[in-house]
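Chemist:
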Amino acid sequence: MKKMTSAELRSAFLEFFRQRGHTIEPSSPLIPGNDPTLLFTNAGMVQYKDVFLGREHKGFTRAATSQRCVRAGGKHNDLENVGYTARHHTFFEMLGNFSFGDYFKKEAIHFAWDFLTQELEIPPQKLWVTVFEEDSEAEAIWLNEVGIDSNRFSRIGAKDNFWSMGDTGPCGPCSEIFYDHGESIPGGPPGSPDEDGDRYIEIWNLVFMQYDRAADGTLTPLPKPSVDTGMGLERIAAVSQGVHSNYEIDLFQKLLKAAAQLVGTDDLNQSSLRVIADHIRSCAFLVADGVLPSNEGRGYVLRRIIRRAIRHGYRLGIRDIFFYKLVAPLTEEMGPAYPELKNAQAQVERILKKEEERFAETLGQGMKILEACIAKLEGHVIPGDTVFQLYDTYGFPVDLTADFAREHDLSVDHAGFETAMTAQRDRARSASHFGADYDQDIKLDVETEFTGYHHLADQSHIVALYAQGQPVETLASGQEGVIVLDRTPFYAESGGQVGDSGTITIADSAFEVADTQKQGGNLFLHKGKVLNGAFKTGQVCIASVNVSERRATALNHSATHLLHAALKQVLGEHVAQKGSLVNPERLRFDFSHFEPVTGEQIAELERIVNEQIRLNAPVSAEIMAKDEAVKAGAVALFGEKYGAEVRVLKIGDFSTELCGGTHVERAGDIGCFKIVGETGVAAGVRRIEAVTGQGCIDWIAGRDKALASIAGLLKSSPDKAAEKVEQLLEKTRHLEKQLERLNAKLASSAGDELGAKAVEVNGIKVLAVKLDGVDPKSLRDLVDQLKNKLGSAAIVLATVDGDKVSLTAGVTKDQTGRVKAGDLVNFVATQVGGKGGGRPDMAQAGGNDPSGLAKALADVPAWVQTQTASG
2 MKKMTSAELR SAFLEFFRQR GHTIEPSSPL IPGNDPTLLF TNAGMVQYKD
52 VFLGREHKGF TRAATSQRCV RAGGKHNDLE NVGYTARHHT FFEMLGNFSF
102 GDYFKKEAIH FAWDFLTQEL EIPPQKLWVT VFEEDSEAEA IWLNEVGIDS
152 NRFSRIGAKD NFWSMGDTGP CGPCSEIFYD HGESIPGGPP GSPDEDGDRY
202 IEIWNLVFMQ YDRAADGTLT PLPKPSVDTG MGLERIAAVS QGVHSNYEID
252 LFQKLLKAAA QLVGTDDLNQ SSLRVIADHI RSCAFLVADG VLPSNEGRGY
302 VLRRIIRRAI RHGYRLGIRD IFFYKLVAPL TEEMGPAYPE LKNAQAQVER
352 ILKKEEERFA ETLGQGMKIL EACIAKLEGH VIPGDTVFQL YDTYGFPVDL
402 TADFAREHDL SVDHAGFETA MTAQRDRARS ASHFGADYDQ DIKLDVETEF
452 TGYHHLADQS HIVALYAQGQ PVETLASGQE GVIVLDRTPF YAESGGQVGD
502 SGTITIADSA FEVADTQKQG GNLFLHKGKV LNGAFKTGQV CIASVNVSER
552 RATALNHSAT HLLHAALKQV LGEHVAQKGS LVNPERLRFD FSHFEPVTGE
602 QIAELERIVN EQIRLNAPVS AEIMAKDEAV KAGAVALFGE KYGAEVRVLK
652 IGDFSTELCG GTHVERAGDI GCFKIVGETG VAAGVRRIEA VTGQGCIDWI
702 AGRDKALASI AGLLKSSPDK AAEKVEQLLE KTRHLEKQLE RLNAKLASSA
752 GDELGAKAVE VNGIKVLAVK LDGVDPKSLR DLVDQLKNKL GSAAIVLATV
802 DGDKVSLTAG VTKDQTGRVK AGDLVNFVAT QVGGKGGGRP DMAQAGGNDP
852 SGLAKALADV PAWVQTQTAS G
């Protein structure tokens, strides 16, 4: 058996299938571009889902990939087992070969067997094969053609050896290949009672997409059966390198040594080191693919993985920021195969470091709570309220606490946690709920020819009509539905540009197109309503785009390209698009950056873009091979799906991007450009909104009108308005300081009178009163004065402004063991529609229901008496 590195195995696999007519495709991103129901790309076939469903057609029928995958959230979640088993990972690479209606079972089986036994020289007696128990065709190929030993062959039921894409749709039998690690490892062959042991490990799964399953379970043979296979690179590397655990292969050994060096240990077999080595792979690639830590969705899963790694570093004794330091050794190991990781290395390091710094502030405190809980624990269950406190206050995901419990032979009170968990739990759960609007899941074996780059109206044939998602022969007046045309000038929503609106007409019949969407590869759906007349399939019609909206959208789209290039100039090459929206009114552009864009930078961005508009360079589009375009410097946009050939959009020598959108003919057509907003939308992601053309002129005119109005109120000219406002602000600040001094004097004199109103309760002087004409800021000073005046005291002062109640409570330090200021202020606040908090000796709160204030204050002495009854 050949001993090969992981990199050599990856190359050998792809070259093997290249020589057998397969197109070698790059790994798709970890964020699925064609399946919003998936949290992450979790298998090699994900990028080909639309191809298998017949919605998209590639320029080839055979493909092979090494696909990076993540399983750490939602249905596909291996997180709990990572670090404790030999083969569970959050991140792994899936080697796969695919046939799209080309070869089928015979070729797929022979390819797999030849690669394993000839290319890798694995002894046949070390391999075990399974087939679906009803798949006599595959069985015959294995036994009669390949000649597999029948003693190393099993027929398995549908649970393990029948694959489906969902409850309906493409499905078919599987054939799996297992490697026998030898008698020294416990476990039995597949299908035996001991199959869960580690002796026989699945290394390759061959899926034969043979049927289309209907809702009633009926299986109909597919007209073009296909093949989808998957072999884990880490697993086959373990076989080739003669080790049992994936963590012993070269890919992990270098990471484990780097992590161990940070810890200061030579023992590479610690489970916490394995967790860290695994998690740096998933975290780095997720960030490189555009995922950022957050409290929802994919970002929440990323945050969980990062924090789990940090907690295991803490367990190993690391108290400094360390996790981001593993990005460099990971890039050294995997960067040659995945240059996108190398290109994003600095960005990945910054994001991981920032997230670790954020969590490190609370990790120590949270760990102390856990350790203290265990020290006084009676039994073997960590209480649910402790688990919730860790989650809510210190950002400990529940599985991180469960991880800690597992290491100490304890369990977690999940039921108690669920009782305490409210909004946060709903947010966490939403991470695995990625929905998609499939109410128009239209299956047609046709494509729509897009003519909108050169025409805004065109003659077309109606290919199909749909109402409420179902095919119909006719759409009548008043009906809403979808029209599918053989050719159309309507742009379908894609790459951030909204879909066109307009009309489709036939003689006296008119259909108003409200939106145009694209399904699969190139099936355009014109969604709208019949205004009058009727439409039937097969009719010839005229499709006319709303010209003014299309042109306004084109201005904003071309300006987006100029803005993107300008951002890289002003902020740096780390800027990458994270989303966009281009419509007739304005443009919105999201990009990676770690701090707000300053006013000076915004001014410079506007200057650069408007300079390019004045230079009036031509805008050109060229169809090129994708690899050639990227090598030529074309920027690929985030979230956009590209084929083998791409459209390269150039604006002079200033901007070159891959883009299928509609644009102006020359940069000068944009007219003018103005940024109207800059905000943060997520950790490390900023958003700029801007207007162009007539929208820009209208915006500036509106600002001029507002400035003239302000100048009129100030009895000043517009150019002197800012100076006048500054004078007024300075005068206001002076008056506010005078008012503060007066309030302080009033409060001081009031304090002398208030002290006499205190009542004694169990050795504490209690004062609870409402004050009129005192601003909330002065309440705190007055409470301090009263505490000094009264000695041992508990005080609540209130003031009301309209419907707003402001409360301040203070307790002298000698009495905080009996009464807490936070409890005291909340006793009053809950009765006036509010809540608050603070230190044991000083707390503040607010409310919005003054009607309950008088009774609440009157009840304070009785409440204090109850609190101090035993003391």
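In the numbering used here, the protein residues as written are 2 to 872.
For glycine and all other residues, C-beta sits at the position ideal for the given N, C-alpha and C.
Model, not experiment: these values are computed from the prediction.
Would you identify the three-state DSSP class for Lys821, choosing helix, strand or coil?
Modeler: Coil at Lys821, not helix or strand.
Chemist: Taking the alpha carbon of Ala511 as the reference point, which residue from Val499, Ile484, Gly497 and Lys59 has its own alpha carbon closest?
Modeler: Closest option to Ala511, Cα to Cα, is Ile484.
Chemist: Considering only their Cβ atoms, is the gap separating Glu341 from Ala373 smaller than 7 Å?
Modeler: Taking 7 Å as the Cβ cut-off, Ala373 and Glu341 do not qualify as a contacting pair.
Chemist: With a threshold of 8 Å on Cβ separation, who are the neighbours of Ala432 within its own chain once the five nearest residues in sequence on each side are excluded?
Modeler: Note that Ala432 scores a pLDDT of 40, beneath 50, so its modelled location is shaky; the value from the coordinates is reported in the next line. Here the set comprises Leu40, Gly74, Gly75, Glu297, Gly298, Arg299, Tyr301 and Val302.
Chemist: Quick check on the burial criterion: 16 or more other C-beta atoms within 10 angstroms. Buried or exposed for Lys50?
Modeler: Buried, by the Cβ-count rule.
Chemist: With distances taken Cα to Cα, identify the nearest neighbour of Asp802 among Pro777, Asn789, Leu791 and Lys814.
Modeler: The shortest C-alpha separation from Asp802 is found at Pro777.
Chemist: I'd like the span of the beta strand (DSSP E) that includes Trp129, first residue to last.
Modeler: From DSSP, the beta strand (DSSP E) with Trp129 extends over Leu128 to Phe133.
Chemist: Please classify Lys444: is it buried, with 16 or more other beta-carbons within 10 angstroms of its beta-carbon, or exposed?
Modeler: It is exposed - the Cβ of Lys444 has fewer than 16 other Cβ atoms within 10 Å.
Chemist: Identify every residue that forms a DSSP beta bridge with Val193.
Modeler: Note on identity: in this sequence residue 193 is Ser, with Val being the wrong assignment. Ser193 is not bridged to any residue.
Chemist: Evaluate Arg69 with the Cβ neighbour count: other Cβ atoms within 10 Å of its Cβ, from every protein chain shown; 16 or more gives buried, anything less gives exposed.
Modeler: Burial call: buried.
Chemist: Taking the straight line between their C-alpha atoms, what separation do you get for Val579 and Gln518?
Modeler: Note that residue 579 corresponds to Lys in the displayed sequence, not to Val. Those two C-alpha atoms are separated by around 21 Å.
Chemist: Could you give the DSSP three-state label for Gly314: helix, strand or coil?
Modeler: Of the three classes helix, strand and coil, the one that applies to Gly314 here is helix, per DSSP.
Chemist: For Gly640, I'd like the list of residues in its chain whose CB is within less than 7 Å of its CB, leaving aside the five on either flank, ordered along the chain.
Modeler: The pLDDT assigned to Gly640 is 46, lower than 50, so where the model puts this residue is not dependable; a value taken from the coordinates is nonetheless given after this. Gly34 and Gly580.
Chemist: Leaving aside the five residues before and after Phe61 along the sequence, list all residues of the same chain whose C-beta is less than 7 Å from its C-beta, in chain order.
Modeler: The answer, listed in chain order, is Thr24.
Chemist: Go to Gly811, then tell me how far its beta strand (DSSP E) extends in each direction, as first and last residue.
Modeler: Element bounds for Gly811: Lys805 to Val812.
Chemist: Looking only at its chain, what residues have a beta carbon closer than 6 Å to the beta carbon of Glu334, apart from the 5 residues adjacent to it on each side?
Modeler: These residues qualify, in order along the chain: Lys255.
Chemist: Answer with buried or exposed for Ala870, where buried requires no fewer than 16 other C-beta atoms within 10 angstroms of its C-beta.
Modeler: Under this definition Ala870 is an exposed residue.
Chemist: Mind checking who Trp864 pairs with in its DSSP beta bridge?
Modeler: Partner(s): none; Trp864 has no beta bridge.
Chemist: Please classify Pro30 as buried or exposed, where buried requires at least 16 neighbouring CB atoms within 10 angstroms.
Modeler: By the 10 Å Cβ count, Pro30 comes out buried.
Chemist: Rounded to a whole number of angstroms, what is the C-alpha to C-alpha distance between Asp386 and Asn827?
Modeler: Each residue's alpha carbon lies about 21 Å from the other.
Chemist: So Val514 and His527 are in contact, right, with Cβ under 8 Å, and what is the actual spacing, rounded?
Modeler: Confirmed, about 5 Å.
Chemist: Using 8 Å as the Cβ pair cut-off and three pairs as the minimum, do the stretch 846-859 and the stretch 795-812 touch?
Modeler: Yes, the stretch 846-859 touches the stretch 795-812.
Chemist: Taking the continuous beta strand (DSSP E) assigned at Ile204, which residues delimit it?
Modeler: Looking at the DSSP string, the run of the beta strand (DSSP E) that includes Ile204 is Tyr201 to Arg214.
Chemist: Around the C-beta of Tyr492, are 16 or more other C-beta atoms found within 10 angstroms, so that it is buried, or is it exposed?
Modeler: With 16 or more Cβ atoms within 10 Å of its Cβ, Tyr492 is classed as buried.
Chemist: Candidates Gly158, Leu234 and Asn557: which alpha carbon is nearest His90's?
Modeler: Nearest option by C-alpha distance: Leu234.
Chemist: Which residues mark the beginning and the end of the beta strand (DSSP E) in which His527 is found?
Modeler: Segment Leu524 to Asn533, the beta strand (DSSP E) holding His527.
Chemist: Below 8 Å on the Cβ atoms is my guess for Lys1 versus Thr813; work out the distance and round it to an integer in Å.
Modeler: Nothing about residue 1 can be reported from this structure: the residues present for the chain run from 2 to 872 only.
Chemist: Going straight from the alpha carbon of Ala618 to that of Cys673, what length do you get?
Modeler: When rounded, the distance between both Cα atoms is 14 Å.
Chemist: Would you list the one or two residues that DSSP bridges to Asp802?
Modeler: Answer is Lys805, bridged to Asp802.
Chemist: What would DSSP say about Phe17, mapped onto helix, strand or coil?
Modeler: DSSP places Phe17 in helix when its eight states are reduced to three.
Chemist: Which of helix, strand or coil does DSSP assign to Ala345?
Modeler: In the structure shown, Ala345 sits in coil (DSSP, three-state: anything other than H, G, I, E or B).
Chemist: Hey, out of Val548, His594 and Lys716, whose CA is closest to Gly291's CA?
Modeler: Selected option, being the one with the closest Cα: His594.
Chemist: Relative to the alpha-carbon of Val130, which residue among Ser151, His313, Glu629 and Ala822 has its alpha-carbon at the smallest distance?
Modeler: The option with the nearest alpha carbon to Val130 is Ser151.
Chemist: Do Asn43 and Ala65 have their C-beta atoms within less than 7 Å of each other?
Modeler: No.
Chemist: For Val228, tell me which candidate among Met843, Phe53, Glu122 and Thr489 has the shortest Cα-Cα distance.
Modeler: Selected option, being the one with the closest Cα: Phe53.
Chemist: If we ignore side chains and look at the alpha-carbon of each, how far apart do Leu269 and Gly173 end up?
Modeler: Each residue's Cα considered, the two are about 42 Å apart.
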